[in-house]
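The sequence shown lines up with residues -26 to -1, 1 to 660 when you count with mature numbering (1 follows the signal peptide of the UniProt record, and there is no 0). Backbone N, C-alpha and C fix where the C-beta goes; we use that ideal spot for every residue, glycine too. These notes concern the structure reproduced below.
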Amino acid sequence: MEYRAFKKNLVVAAILCSPIFSTAYAAVEPTESIERITVYGEKVERSLKDTTSSVSVIDKETLDSGQYQSVSSALSEVPNVVVTTGAVPDIRGVTGNGSATGFNSFTGGAKARVSTLVDGVAEPFVADLTGDTGLWDIEQIEVFRGPQSTINGRNSIGGAVFIKTADPTFDWQAAARLGYRDQDSFIDSAVMLSGPILDDQLAFRITGQNVNGNTYNKGLVYETNPKTFDQNELITNRWRGKLLWQPAGLEDLSVLYSFSYNDEQGDSGRNYFTGDDPWAYKPLFQRYITTKSTTHSVTFDYQLTDGQSLDLQFSFMDYDWGFESYEPLPAAQSTVDMNDKSYNVDGKYSFGLNDRNLNGFIGLAYYKRTQDFGSVGGFSYGGDDSSTSSSVYGEMTFAMAEKWWLTLGGRVMRDEQTRNFAMQFRGSAIDEQLDEAKTVALPKLVVQYAVTDSTTLALSGRRGYNAGGGAMALTSAGGDYYYYDDESVDTYEMSSRSRFDGGNVNLNANLFYNDYDGYQASNSLRRITNIDKAVTYGLELEFTSMLGENWQLFSGLGLLKSEIKAADPSYGDIVGNELNAAPNVTANLGIKYWLSDELTFGLSGNYVDEYFADIANTEERVAGDYILSRFNVDYQNDNWRISAFVNNLFDEQALTVNEPPGRGYEHGYAAVVDPRNVGVSVAYTF
């Protein structure tokens, strides 16, 4: 594997490091400078140039094209990110699901390693990644690589995805979009209306979206059991409403109320196909998954003085996840339901808002989650959960000397969890309780140096943390409930942010080294245990440039090396092995051409090197090693936008998951990249 990967890595690196990147001229539509891009996901609004964390920003222009159908598909081209079916993205070789995959999510209530936040409110994760279909009225998506525990606290040891949606406006705006793609006739329809209720004081914004179609899953129908649901339909409805109040008598106060309702039903989650011929799309299992959520949040922003502010956010989410299974015999079918209610309060005092040489914030956060879950039918179990997390966090930046700044920060967090789990298995009653509590300190330190007005360098160190837990192992002898410890990581990074030619050329780079202690992974018996020591290190590089008056080039490169340094003998001989889902190279390269001010053409591709699907580094479980290409044509004038696109232009066939025969699966199973699909969308804005 190493020799094959090495040859291809040289080719990809040579393309991305070619001299073409050094050329830049005036343009029809200049590249957006890193000084003008605002990053919202670190508790304070910063320019991308002043953000030392390794972050990729996917902008509104890209998301509005209709080319990406889900959040996962939009993240698939980000360097050092691997997206697999029904899973939270894997970042820098760290599996995003962590210990929360599938049945383990119910038995232990573990949280994912990568958090997803929408306007500051965390999204739950249960068993499979579902409910992320549909992108509409989103300003940008930020993908943070590496631990974000000092900022977000729980379940962000691997990174974070921050989604910023559009806010109400005091001028009238409206938009509508209708899209179609030939992947079994997906129809995407969306609307938006925003405007004033009371001039300069009260404004609203309402958005709605419906995505309706069929996946490429070729559902199986059993003669012994008539089907009860459409096996490959996928229907998503999203509604969001916002009210912005800026009272005339309190000019320094801003209050934003947000409401969202999301409902996704059908063939979502993990799509695994039988391994004898994955491109026949015969499903390994068949489930009709329902994901519903209702979210309320209120955000207060009070400007105390020109340089000081108070921010307070209250949020509540009611989240339902469940599925009906379809089996050859009705008695083997199960109906699963999980209800998750979460409450969050986050208050923050900021100072030095207009002072580069002395600024910072300090905050308090409290989170509470309750869960009730159950499964009836062929596989019965149930239980409940109560979890809390309390934190104090903060950062302070001050000038050490001219062009030098030091940032000290961190979070002290206490997590508590009580979970009850009961089931009947092989005639035995299992009744277990998980009762965990721990207080941790998560420090952060950053040193920045402004080399020139256009280039800033930084060195940083921070700690990430993920709680331990419990899980159920099902064996021929019965059920065995066991426990595993927490995991932590110390991360060290060197970053560079540079802009040239008035912002037409931008170069961002991050070198990183992650040192994991107690890394949670599955051993050969699929039990979660802690790896004593593992490391990952590498590079993320992103480059954008104008090439002449009508050409724009953008590219990204992720280099990654992972190694298990020490492990318990129960894992077998894995010392020296790579982590799973840790390709040595990920890369993207794209070009955009303006034929006129209104008409553009784009061509892009992203490469994912081969990777092992398990920490034993089994050759039969190698996946990846593919290049996916995209093409788009875009016409825009003052009101209209017409976009046409082709995804997977050359209909590449590749595996993202590869499980050989065994473990109850005669032919094994696999997950594949999406086949070629063609689409068009028409949007009208006024």
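Which term fits residue i, buried or exposed, when burial requires 16 or more other beta carbons within 10 angstroms of its beta carbon?
i, result
"residue 569", "exposed"
"residue 279", "exposed"
"residue 523", "exposed"
"residue 543", "exposed"
"residue 374", "exposed"
"residue 428", "buried"
"residue 83", "buried"
"residue 259", "exposed"
"residue 330", "exposed"
"residue 136", "buried"
"residue 345", "buried"
"residue 347", "buried"
"residue 350", "exposed"
"residue 303", "exposed"
"residue 23", "buried"
"residue 93", "buried"
"residue 587", "buried"
"residue 653", "buried"
"residue 517", "buried"
"residue 463", "buried"
"residue 658", "exposed"
"residue 97", "buried"
"residue 636", "exposed"
"residue 38", "buried"
"residue 547", "exposed"
Could you pull out every residue in the same chain whose Cβ sits closer than 6 Å to the Cβ of residue i, ignoring the five residues on either side in sequence?
i, result
"residue 261", "297 and 299"
"residue 263", "104, 242, 243 and 297"
"residue 459", "442, 492 and 504"
"residue 384", "124, 416, 417 and 418"
"residue 3", "In this prediction, residue 3 has a pLDDT of 49, which is less than 50 and means its spatial position is unreliable; what the coordinates show is noted afterwards. Cβ neighbours of residue 3 beyond the five flanking positions: none."
"residue 661", "Lying outside -26 to 660, the shown extent of the chain, residue 661 is not represented and no answer is given."
"residue 650", "622 and 625"
"residue 391", "361 and 410"
"residue 50", "57"
"residue 483", "470 and 515"
"residue 184", "163 and 211"
"residue 628", "600 and 647"
"residue 314", "98, 293 and 345"
"residue 610", "572"
"residue -5", "At residue -5, the pLDDT of 32 sits below 50, so the modelled position is not reliable; the number obtained from the coordinates is stated separately. Excluding residues within five positions, none has a Cβ falling inside 6 Å."
"residue 528", "518 and 564"
In chain order, what residues of the same chain lie with their CB nearer than 7 Å to the CB of residue i, ignoring the 5 residues before and after it?
i, result
"residue 485", "467, 468 and 513"
"residue 34", "112, 113 and 114"
"residue 456", "444, 445, 447 and 501"
Do residue i and residue j have their C-beta atoms within less than 8 Å of each other?
i, j, result
"residue 9", "residue 477", "yes"
"residue 395", "residue 410", "no"
"residue 60", "residue 536", "no"
"residue 247", "residue 646", "yes"
"residue 117", "residue 52", "yes"
"residue 283", "residue 232", "no"
"residue 326", "residue 281", "yes"
"residue 162", "residue 190", "no"
"residue 595", "residue 640", "no"
"residue 200", "residue 177", "no"
"residue 215", "residue 171", "no"
"residue 604", "residue 578", "yes"
"residue 109", "residue 48", "yes"
Could you check how far apart the C-beta atoms of residue i and residue j are, in whole angstroms? I think they sit under 8 Å.
i, j, result
"residue 599", "residue 583", "6 Å"
"residue 286", "residue 334", "Not quite, the Cβ-Cβ distance comes to about 18 Å (not below 8 Å), so this is no contact."
"residue 531", "residue 557", "Not really, about 12 Å apart at Cβ, beyond 8 Å."
"residue 268", "residue 292", "5 Å"
"residue 182", "residue 212", "7 Å"
"residue 332", "residue 372", "5 Å"
"residue 490", "residue 507", "7 Å"
"residue 237", "residue 266", "5 Å"
"residue 54", "residue 560", "6 Å"
Can you give me the Cβ contacts of residue i inside the same chain, cut-off strictly under 8 Å, excluding the 5 residues immediately before and after it?
i, result
"residue 175", "219, 220, 221 and 222"
"residue 549", "538, 539, 540 and 541"
"residue 156", "651, 652 and 653"
**Study point:** Start-end ranges of the beta strand (DSSP E) lying completely within the segment 310 to 365, minimum 3 residues
**Key:** For the segment 310 to 365, the full-length beta strand (DSSP E) segments reaching 3 residues or more read 332 to 351 along the chain.
Exercise for review: For the segment 23 to 92, list the alpha helix (DSSP H) runs that are entirely contained and at least 4 residues long, ordered along the chain.
Suggested key: Within the segment 23 to 92, the runs of alpha helix (DSSP H) that reach at least 4 residues and sit entirely inside it are, in chain order, 34 to 37, 45 to 49 and 78 to 81.
Check your understanding: Counting only runs that start and end within the segment 494 to 570, where is the beta strand (DSSP E) found for 3 or more residues in a row?
Key -> Runs of the beta strand (DSSP E) lying entirely within the segment 494 to 570, each at least 3 residues long, are 502 to 521, 525 to 540 and 559 to 568 in chain order.
Exercise for review: Jot down the residue ranges of each uninterrupted beta strand (DSSP E) in the segment 232 to 319, minimum 3 residues, whole runs only, in chain order.
Suggested key: Every beta strand (DSSP E) of 3 residues or more that sits fully in the segment 232 to 319 is shown, in chain order, as 260 to 279 and 282 to 300.
Check your understanding: Curious, which full-length beta strand (DSSP E) runs of at least 3 residues does the segment 88 to 141 contain?
Key -> Runs found: 88 to 92, 112 to 119 and 133 to 139.
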